[in-house]
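Final position of the sequence shown in the working numbering is 769; the numbers increase by one with none missing.
Glycine included, every Cβ here is placed at the ideal spot set by N, Cα and C.
Below you'll find the structure, written out as structure tokens, and then a few comments.
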Amino acid sequence: MLPLVEVLAPQGKFGLIDDPVSLDATPLKHKAASLHWEFMFARSLFETQDMIAQYRLLNEVSELVDVGVIRTTLAESLGAINATNLKKAHALIESGRSRGKIGLEGFSSEAK
658 MLPLVEVLAP
668 QGKFGLIDDP
678 VSLDATPLKH
688 KAASLHWEFM
698 FARSLFETQD
708 MIAQYRLLNE
718 VSELVDVGVI
728 RTTLAESLGA
738 INATNLKKAH
748 ALIESGRSRG
758 KIGLEGFSSE
768 AK
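Encoded structure:
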């Protein structure tokens, strides 16, 4: 059994937002667990009856950001995406000492 399923409570809920290469949901069956996939644009893409809910959710999140309840995990911004800054970002990640996200912004014409 998958380690994740081992710790999932019977009738538990497993949610994901990513696209795994493969997914076998069969191990969830014996725990009667449910699998929930979230896709931010599903309501607007399919024009569901509750499409306005996305507007409300995004407004609520923006209010939580504005008052500081939700904060970024950005720990360091290294500037433009270029060879030099990519090398710095990789070195920081590979050092095992980085915490939070490392940001790179836009592209530059630097050719190093």
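- Between residue 688 and residue 669, the C-beta gap is smaller than 8 angstroms, which places the two residues in contact.
- Here the C-alpha atom of residue 738 lies approximately 11 angstroms from the C-alpha atom of residue 745.
- For residue 738, the enclosing beta strand (DSSP E) covers residues 731 to 738.
- Closest option to residue 692, judged by alpha-carbon separation, among 750, 674, 719 and 699: 674.
- In this structure, residue 761 sits near residue 742, with a CB-CB distance shorter than 8 angstroms.
- As the crow flies, the alpha-carbon of residue 753 is around 26 angstroms from that of residue 727.
- For residue 671, the enclosing beta strand (DSSP E) starts and ends at 670 to 673.
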